[in-house]
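Read through the structure below, which is laid out as structure tokens, and then see the notes.
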Amino acid sequence: MATLDSALDRILAHYGRDPSALLQILRDAQEAFDWISPQIRDALAGALDIPATRIGSLTQFYAHLYDEPRGKYRVLFSDNITDRMADAPALMARMLDHFGLAPGETSADGLVSIAKTSCTGMCDQGPALLVNNRAVTRLTPERIDTLCALIRAKTPLDHWPPGFFLVEDNIRRADMLLGSPHKPGEAIRAALARGRDGLFAEMRKSNLRGRGGAGFTTAVKWEACRDAPGEARYVVCNADEGEPGTFKDRVLLQSYAGRVFEGMALAGYVTGAQKGFLYLRGEYSYLRAPLEAKLAEMRRDNLLGAAIGGDASFTFDIDLHMGAGAYICGEETALIESLEGKAGKPRIRPPFPATHGYLDQPTVVNNVETLCKATEIAIQGGAFYAGQGTQQSTGTKILSVSGDCARPGLYEYPFGVSIAQVLEDCGASDAFAVQIGGAAGFCLAPHEFDRRIAFEDVPTAGAFMVFGEGRDMFDAALNFAQFFEHESCGFCTPCRVGTAIVARIMNKIDAGHGARYELNELTRLHDLLRTSSHCGLGQTATLALHDMMQKFAPAFERRLTLKDFEPGFDLDAALAEARALTGRDDASAHIGADS
Ligand code: SF4
Numbered sequence: 004m005a006t007l008d009s010a011l012d013r014i015l016a017h018y019g020r021d022p023s024a025l026l027q028i029l030r031d032a033q034e035a036f037d038w039i040s041p042q043i044r045d046a047l048a049g050a051l052d053i054p055a056t057r058i059g060s061l062t063q064f065y066a067h068l069y070d071e072p073r074g075k076y077r078v079l080f081s082d083n084i085t086d087r088m089a090d091a092p093a094l095m096a097r098m099l100d101h102f103g104l105a106p107g108e109t110s111a112d113g114l115v116s117i118a119k120t121s122c123t124g125m126c127d128q129g130p131a132l133l134v135n136n137r138a139v140t141r142l143t144p145e146r147i148d149t150l151c152a153l154i155r156a157k158t159p160l161d162h163w164p165p166g167f168f169l170v171e172d173n174i175r176r177a178d179m180l181l182g183s184p185h186k187p188g189e190a191i192r193a194a195l196a197r198g199r200d201g202l203f204a205e206m207r208k209s210n211l212r213g214r215g216g217a218g219f220t221t222a223v224k225w226e227a228c229r230d231a232p233g234e235a236r237y238v239v240c241n242a243d244e245g246e247p248g249t250f251k252d253r254v255l256l257q258s259y260a261g262r263v264f265e266g267m268a269l270a271g272y273v274t275g276a277q278k279g280f281l282y283l284r285g286e287y288s289y290l291r292a293p294l295e296a297k298l299a300e301m302r303r304d305n306l307l308g309a310a311i312g313g314d315a316s317f318t319f320d321i322d323l324h325m326g327a328g329a330y331i332c333g334e335e336t337a338l339i340e341s342l343e344g345k346a347g348k349p350r351i352r353p354p355f356p357a358t359h360g361y362l363d364q365p366t367v368v369n370n371v372e373t374l375c376k377a378t379e380i381a382i383q384g385g386a387f388y389a390g391q392g393t394q395q396s397t398g399t400k401i402l403s404v405s406g407d408c409a410r411p412g413l414y415e416y417p418f419g420v421s422i423a424q425v426l427e428d429c430g431a432s433d434a435f436a437v438q439i440g441g442a443a444g445f446c447l448a449p450h451e452f453d454r455r456i457a458f459e460d461v462p463t464a465g466a467f468m469v470f471g472e473g474r475d476m477f478d479a480a481l482n483f484a485q486f487f488e489h490e491s492c493g494f495c496t497p498c499r500v501g502t503a504i505v506a507r508i509m510n511k512i513d514a515g516h517g518a519r520y521e522l523n524e525l526t527r528l529h530d531l532l533r534t535s536s537h538c539g540l541g542q543t544a545t546l547a548l549h550d551m552m553q554k555f556a557p558a559f560e561r562r563l564t565l566k567d568f569e570p571g572f573d574l575d576a577a578l579a580e581a582r583a584l585t586g587r588d589d590a591s592a593h594i595g596a597d598s
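Read in the working numbering, the sequence shown has 511 at position 508, and its numbers run on one by one without any break.
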């Protein structure tokens, strides 16, 4: 117990015993002890003077926190549709067979647990898995066999072949952002030369719009935060890139972190914020150490901290905050709740974070790519920036291309590029469908491939998943339905219940028991979710499904039974035990098809 107490004490001291750092404290405690045991929960509750149930609700909410023992090696297979297309289920079955486990089980000796998780952001080099938060990419049967042997031999991860953990950037087309080498401090120096008002004027001129998908004008957001009353202001970089099929932030944080942090500093300069947070998704934990090192380097070079660049009025610093496996934390108010150490449940808006955000203070929340764009504007000026792309969608956009194509990876284009052009560039000669914007986006059929990536036509946060000829779009819809059932935060009934019913119906159709009635129900649920859900997750959960049902109807219809209706519950089978107890098994004791 002394070890437990002293380790927890160290963790608590690191976070200043601040209950708003609860999620970080729990992550670190789990790192040290593998899971959040009742003793850990009670000790932390006592030390932080919070109810133990608050800790319990967090361990229930975040997929990467465990309140039951897990294996020393915790393996999570990425379960995006592109992983499934690359045979991830067979690879997982191979590993489960090796250890004699069922999905989600832990081996009796406590050595290993194997389960699935949502997309891990490695779609360009999948199938992938996480082992103790580290990504292993390009899985093959041989690689799985080697992994099993390493685990059996209890080999520490640091002694595994380094190639297993190689995460490549796969930049296939570079433009304004990916193509310009970052010169440390260049954007900050340019901003200081322009002055606060000057930089803000350039931001306005650029008409930069947020790259997270919604496309809100960045200068308007910064202005609202700057002008709102408050005791302190904050800048938050949303690096909780959880949308299935998206991985551009991974590359920006791996190879362009200096730009990201300078972009945050610029937001601080304009708004007057002195504190920033980078909220990093748990799946990218392997980036934590290099990002911390980058922050230390920038502090050393006077690009963060007090009197940045010699300007006594410019103080700004950044903390990393790790997520813990909750897709909903990509929603900005849920992210702020999570930053405050709570379950990531979306707030009611208005008020918006720009005026009432972190700790109820004015807060700018920007996407990783958006902040990188701000550095371009500081250096090149707003007019230059606005000269790229289209009138309503200025600048360039980075696409994360994956699926059935010869060259998956990142493609940066000026806004306005056609879907057909992207398909040609990535080597997708037999594309049958393209899912834009991830599971929450929409699905385009070949007759729409002349449409253009732009806020005024096909808006996207960046995911571009290609489905080649011969793919079954029902499988994609099923994967998305299961994803949203798992990721609904449960706060509002239409989404909590609606996503579960949608998944149940899709599972029923998949099992060969669906009738036309089910398809009608899916359409009805789409309308309900879209119009009644509290936040964007529920409102967009069935967009792709609806698109696929409209545009790829045969994929759904060929799975239907000929009946008008087939119940999802087998009452006759459920009564088997009662029949056995009463000793009756004659025909009239059965509920037959004609009863
Ligand atoms: Fe949570 Fe879904 Fe409601 Fe959003 S729509 S608040 S994710 S339950």
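Think of the CB as a built atom: it goes at the ideal place given N, C-alpha and C, for glycine as much as any other residue.
Computed from a prediction, not measured in an experiment: that's the story for all the values here.
| said: So, under 8 Å CB-CB, Arg197 and Glu205 are touching, yes? Tell me the CB distance rounded to an integer number of Å. | reply: For this step, residue 197 is matched to residue 194 along the sequence shown. For this step, residue 205 is matched to residue 202 along the sequence shown. About 6 Å separates the two Cβ atoms, so the contact holds.
| Is Phe600 near ligand 1, going by C-beta to nearest heavy atom under 7 Å? | Here the chain comprises residues numbered 4 to 598, so residue 600 is not present and cannot be evaluated.
| query | Among Ile147, Gln42 and Arg57, which has the Cα closest to the Cα of Pro92? | reply | Locating residue 92 in the sequence shown gives position 89, where the first residue counts as 1. The shortest C-alpha separation from Pro92 is found at Ile147.
| message | By DSSP's criteria, His675 is part of a beta bridge. Which residues make up the other side? | response | As displayed, the chain neither begins before 4 nor continues past 598, which places residue 675 out of reach and without an answer.
| Pair within 8 Å by beta-carbon distance, Glu343 and Leu362 | Translated into the one-based positions of the sequence shown, residue 343 becomes position 340. Translated into the one-based positions of the sequence shown, residue 362 becomes position 359. Contact flag set, yes.
| task | Inspect the beta-carbon positions of Leu68 and Leu29 and report whether they are closer than 8 Å. | result | Sequence index remark: in the sequence shown, residue 68 carries index 65 (1-based). Sequence index remark: in the sequence shown, residue 29 carries index 26 (1-based). Result yes, Cβ atoms of Leu68 and Leu29 sit closer than 8 Å.
| request: Please find out if some non-hydrogen atom of ligand 1 comes closer than 7 Å to the beta-carbon of His529. | output: Mapped onto the sequence shown, residue 529 falls at position 526. No, the beta carbon of His529 sits no closer than 7 Å to any heavy atom of ligand 1.
| request: Compute the minimum distance between the beta carbon of Ile331 and the heavy atoms of ligand 1, and state whether it is under 7 Å. | output: Locating residue 331 in the sequence shown gives position 328, where the first residue counts as 1. Result yes, Cβ under 7 Å from ligand 1.
| query | Can you give the beta carbon distance from Met468 to Val437, rounded, assuming they're within the 8 Å contact cut? | reply | The sequence position of residue 468 within the sequence shown is 465, counting from 1. The sequence position of residue 437 within the sequence shown is 434, counting from 1. Contact holds; Cβ gap of about 7 Å.
| said: Going by beta-carbon coordinates alone, are Leu25 and Leu51 separated by less than 8 Å? | reply: Residue numbering aside, residue 25 sits at position 22 when the sequence shown is read from its first letter. Residue numbering aside, residue 51 sits at position 48 when the sequence shown is read from its first letter. For Leu25 and Leu51, yes; Cβs fall inside 8 Å.
| Is it the case that the Cβ atoms of Cys446 and Asp550 are separated by a distance below 8 Å? | In the sequence shown, residue 446 corresponds to position 443, counting from 1. In the sequence shown, residue 550 corresponds to position 547, counting from 1. Closer than 8 Å, so yes.
| request: Report whether the distance from the Cβ of His537 to the nearest heavy atom of ligand 1 is below 7 Å. | output: Here residue 537 is taken as the residue at index 534 of the sequence shown, counted from 1. His537: yes, Cβ under 7 Å from ligand 1.
| task | Would you mind sorting Arg350 into buried or exposed? The rule is 16 or more other CB atoms within 10 Å of its CB. | result | Reading the sequence shown from its first residue, position 347 is the one you call residue 350. Under this definition Arg350 is a buried residue.
| Mind checking whether Leu281 and Arg291 have CB atoms under 8 Å apart? | Here residue 281 is taken as the residue at index 278 of the sequence shown, counted from 1. Here residue 291 is taken as the residue at index 288 of the sequence shown, counted from 1. No, these two residues do not count as a Cβ contact at 8 Å.
| query | How big is the Cα-Cα spacing for Ile382 and Tyr259? | reply | Position 379 of the sequence shown holds residue 382. Position 256 of the sequence shown holds residue 259. Approximately 16 Å, taken between the alpha carbons.
| First and last residue of the uninterrupted alpha helix (DSSP H) at Gln438 | Along the sequence shown, one-based indexing puts residue 438 at 435. Premise fails: Gln438 lies in the beta strand (DSSP E), Ala434 to Ile439, not in any alpha helix (DSSP H).
| message | Tell me whether Lys345, by its Cβ, gets closer than 7 Å to a heavy atom of ligand 1. | response | Taking the first residue of the sequence shown as position 1, residue 345 is located at position 342. No, the beta carbon of Lys345 sits no closer than 7 Å to any heavy atom of ligand 1.
| Any idea what DSSP makes of Lys376, helix, strand or coil? | Taking the first residue of the sequence shown as 1, we reach residue 376 at position 373. Three-state result, Lys376: helix.
| query | From which residue to which residue does the alpha helix (DSSP H) around Ser209 run? | reply | Within the sequence shown, residue 209 is the residue found at index 206, counting from 1. From DSSP, the alpha helix (DSSP H) with Ser209 extends over Glu189 to Ser209.
| query | In terms of DSSP beta bridges, what is Ile117 paired with? | reply | The residue given as residue 117 occupies position 114 in the sequence shown. According to DSSP, Ile117 bridges with Val78.
| message | For Ser598, count the other beta carbons within 10 Å of its own beta carbon; 16 or more makes it buried, fewer makes it exposed. Which is it? | response | Indexing the sequence shown from 1 puts residue 598 at position 595. Any reading at Ser598 must be qualified, since the residue scores a pLDDT of 43, below 50, and its modelled position is unreliable; the value itself is stated next. Counting Cβ neighbours within 10 Å, Ser598 comes out exposed, since fewer than 16 surround it.
| message | With three or more C-beta pairs closer than 8 Å as the rule, is the segment 353-362 touching the segment 376-390? | response | no
| said: Less than 8 Å between the beta carbons of Ala480 and Ala547, yes or no? | reply: Position 477 of the sequence shown holds residue 480. Position 544 of the sequence shown holds residue 547. Result yes, Cβ atoms of Ala480 and Ala547 sit closer than 8 Å.
| Bounding residues of the alpha helix (DSSP H) (the contiguous stretch that carries Ala91) | Position 88 of the sequence shown holds residue 91. Ala91 to Phe102 is the extent of the alpha helix (DSSP H) around Ala91.
| request: Under 7 Å Cβ to Cβ from Val263, same chain only, skipping five residues before and after it: list those, please. | output: Reading the sequence shown from its first residue, position 260 is the one you call residue 263. If we look at Val263 and ignore the five residues flanking it on each side, its Cβ neighbours are Cys240, Leu255, Leu256, Val371, Leu374 and Cys375.
| query | How about Asn541: is its Cβ closer than 7 Å to a heavy atom in ligand 1? | reply | Walking along the sequence shown from the start, residue 541 turns up at place 538. Just to set this straight, residue 541 is Gly in the shown sequence, not Asn. Yes.
| query | Measuring from the CB of Ser491, is there a heavy atom of ligand 1 at a distance below 7 Å? | reply | For this step, residue 491 is matched to residue 488 along the sequence shown. The answer is yes for Ser491.
| message | What does the alpha-carbon distance come out to for the pair Leu306 and Gln553? | response | Taking the first residue of the sequence shown as 1, we reach residue 306 at position 303. Taking the first residue of the sequence shown as 1, we reach residue 553 at position 550. Leu306 and Gln553: Cα-Cα distance of roughly 52 Å.
| field | Cys408 Cβ short of 7 Å to ligand 1 heavy atom set | value | Here residue 408 refers to the residue found at position 405 of the sequence shown. False, no ligand heavy atom lies under 7 Å from that Cβ.
| task | Compute the Euclidean distance between the alpha carbons of Asp588 and Ala152, then round it to the nearest angstrom. | result | As a working mapping, residue 588 is identified with position 585 in the sequence shown. As a working mapping, residue 152 is identified with position 149 in the sequence shown. Roughly 51 Å between the two C-alpha positions.
| said: Does Gln485 pass the burial test, meaning 16 or more other C-beta atoms within 10 Å, or should it be called exposed? | reply: Reading the sequence shown from its first residue, position 482 is the one you call residue 485. That one is buried.
| query | Measuring CA to CA, which of Ala242, Gly275 and Thr502 is closest to Gly233? | reply | As a first step, residue 233 is located in the sequence shown; it is residue number 230 there, counting from the start. Taking only the C-alpha atoms, the option nearest Gly233 is Gly275.
| task | Would you decide whether Val170 is buried or exposed? Buried here means 16 or more other CB atoms lie within 10 Å of its CB. | result | By 1-based counting over the sequence shown, the position of residue 170 is 167. Flag for Val170 reads buried.
| query | What do you reckon, is the C-beta of Cys498 under 7 Å from a heavy atom of ligand 1? | reply | Here the question's residue 498 lines up with position 495 in the sequence shown. Flag set: Cβ of Cys498 near ligand 1.
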